[in-house]
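> Sharing a structure below in structure tokens format, with a few things to ask.
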Amino acid sequence: MKSRNLPLNKRGFNFEMIMWIFTRLSALAMYTLLLIGFIGALLMGAREQMNFADVMRWAFMPNPSHVINTNIPDIAPWTALFWQLVASALLLVATAHGVHGLVVIADDYIVTSNGRKIVRLISMLMMASTSLIGLYILWTF
Amino acid sequence: MNVTLKVFRYNPDVDKKWHYDTFNIEAQPTDRVLDLLEYVKGYLDGTLTFRRSCAHGVCGSDAMRINGKNSLACKTLVRDLGEKITVDPILGLPVKKDLIVDMEPFFDNYKKVLPWFINDSPLPADGKERLQSPEQRERFDDSTKCILCACCTTSCPSFWASDDYLGPAALVAAHRFIFDSRDEAAAERIEIIAETHGLARCHTAFNCTMACPRDIQVTKAIGELKMLTITGKLE
């Protein structure tokens, strides 16, 4: 009997499907990064020195400026390179995930092929500019 | 029991806008919505227009929105709906008259997935049948139950938004042939359904599965097609 497997180039594994998978995986990545921020904050003493809102704020964007107004006495561990990388990863993944979500919804409502291309282009520009502004803030302040 | 039946009415020759007509009917709890519509057409208003054929849940002609839910009028009992029943045409397709919609966009999408058996290989040595094991048949058994009533496709938010989207019924038809061990055009079909308006447009709303009068696990079938694009496994 013939093999009942389709080779990679004949199984419809195209850009649409890659982005479909990306959206699922990026959602999981966001949960993971949020947990890293949340657990990291608790390990660094947030339980005694922060209220829950501040902990969540840190978890969603682990930026040292978010702990300046809290009761954290020693800000050093919160400004480590590791947290800048976590924050950057979260920013990039969340922006790409969100913008792709917008594109998917826009694809439902825009019926012309050119209209879709224009919206995709605008969305990509929006994603790039938002990511760059975010990275600038994370790495310079 | 006395039933208040509200029916969507639209006659393009007379009406500028659709409206509802209300009928009070004495009905049995075991009557079907189709019985009520037949009564209205036979005794109260002969101009009421709707599709029906077998009247036993096999032909799929009388799909309509009954109290907001897509179902077949011939399979929906009055006792499950209560004394107030509202009947509308299925959504996402142009209304032609009353409860009749233009099914062409639906069937156009259906045809796109090549919903027929394709096998150009020579017949087996005995010249008779292309044999299939019970397990191989089981693989696509659920999707063979589709009667093309359009309940699933017209309950799908992605299809409401754009009828470019193939829709659940077309994807179920693709599933039926792609996973058939005797068929040889799986690659051709998967290429068609993985296009911009295919698989990726399914947002897993599950409306299709809820609406299917044949209890086909539509979202599961679409999920299997998505997995196929990743794994390539047809078994």
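So the protein lines, in turn, are chains A and B.
Quick note: the first sequence, position 132, residue 132 per this note's numbering, numbers continuous.
To get this note's numbering, take the position in the second sequence, counting from 1, and add 141.
Where is the CB? At the ideal position from N, CA and C, for every residue including glycine.
Here the structure is a predicted model, which means the values were calculated and not measured.
What do you get for Tyr136(A), buried or exposed, if any count of 16 or more other CB atoms within 10 angstroms of its CB means buried?
Classification for Tyr136(A): exposed.
> Look at the alpha carbon of Met1(A) and the alpha carbon of Ile110(A), and state the distance between them as a whole number of angstroms.
Unreliable placement is indicated for Met1(A), whose pLDDT of 49 sits below 50; no coordinate value is reported for it.
> Counting along the chain, where does the alpha helix (DSSP H) carrying Leu138(A) start and finish?
Counting along the chain, the alpha helix (DSSP H) containing Leu138(A) begins and ends at Ser113 to Thr140.
> Which bits of chain B does Tyr31(A) rub up against, with CB to CB less than 7 angstroms?
None at all; the shortest Cβ gap to chain B is about 18 angstroms.
> If I'm right that Glu332(B) touches Gly12(A) with Cβ under 8 angstroms, what's the distance once you round it to whole angstroms?
Going by Cβ atoms, the distance from Glu332(B) to Gly12(A) rounds to 5 angstroms, so yes, they are a contact pair.
> Going straight from the alpha carbon of Ile363(B) to that of Tyr251(B), what length do you get?
Rounded to the nearest angstrom, the two C-alpha atoms are 14 angstroms apart.
> When the Cα of Cys349(B) is compared with those of Thr295(B), Glu329(B) and Val254(B), which residue comes out closest?
The shortest C-alpha separation from Cys349(B) is found at Thr295(B).
> Tell me the start and end of each unbroken alpha helix (DSSP H) in the region 324 to 376 of chain B that is at least 4 residues and wholly inside, in chain order.
For the region 324 to 376 of chain B, whole alpha helix (DSSP H) runs of length 4 or above, ordered along the chain, are 327 to 334, 348 to 352 and 359 to 372.
> Could you run through the region 10 to 27 of chain A and flag, in chain order, every residue whose CB is less than 8 angstroms away from some CB of chain B?
For the region 10 to 27 of chain A, which is checked against every Cβ of chain B, the residues closer than 8 angstroms are Lys10, Arg11, Gly12, Phe13, Asn14, Glu16, Met17, Met19, Trp20 and Ile21.
> Looking only at C-alpha atoms, which of Phe149(B), Asp305(B) and Arg355(B) sits nearest to Val236(B)?
Of the listed residues, the one whose Cα sits closest to Val236(B) is Phe149(B).
> Answer yes or no: does any C-beta atom of chain A fall closer than 9 angstroms to that of Ile331(B)?
Cβ-Cβ to chain A under 9 angstroms: yes for Ile331(B).
> Can you tell me which residues form a DSSP beta bridge with Val144(B)?
For Val144(B), which the question treats as bridged, DSSP gives the partners Ile166(B).
> May I ask you to list, following chain order, the residues of the region 296 to 322 of chain B that have a beta carbon less than 7 angstroms from some beta carbon of chain A?
Residues passing the 7 angstroms Cβ filter: Ser299, Ala302, Ser303, Asp305 and Ser322.
> Please look up how many angstroms separate the CB atoms of Trp58(A) and Ala80(A), rounded, as I've assumed it's under 8 angstroms.
13 angstroms between Cβ atoms; not a contact.
> Which residues in the same chain as Met56(A) place their Cβ atom closer than 8 angstroms to its Cβ, once the five residues preceding and following it in sequence are excluded?
The residues are Phe38.
> Are there 16 or more other CB atoms within 10 angstroms of the CB of Tyr306(B), so buried, or fewer, so exposed?
It is buried - the Cβ of Tyr306(B) has at least 16 other Cβ atoms within 10 Å.
> Using a Cβ-Cβ cutoff of less than 7 angstroms, which residues in the same chain neighbour Arg211(B) once the five nearest sequence positions on both sides are dropped?
In the sequence as displayed, the identity of residue 211(B) is Asn instead of Arg. Contacts found: Ala204, Ile231, Cys292, Thr295, Ser296 and Ala352.
> Under the three-state reduction of DSSP, which class applies to Leu8(A): helix, strand or coil?
Helix, per DSSP.
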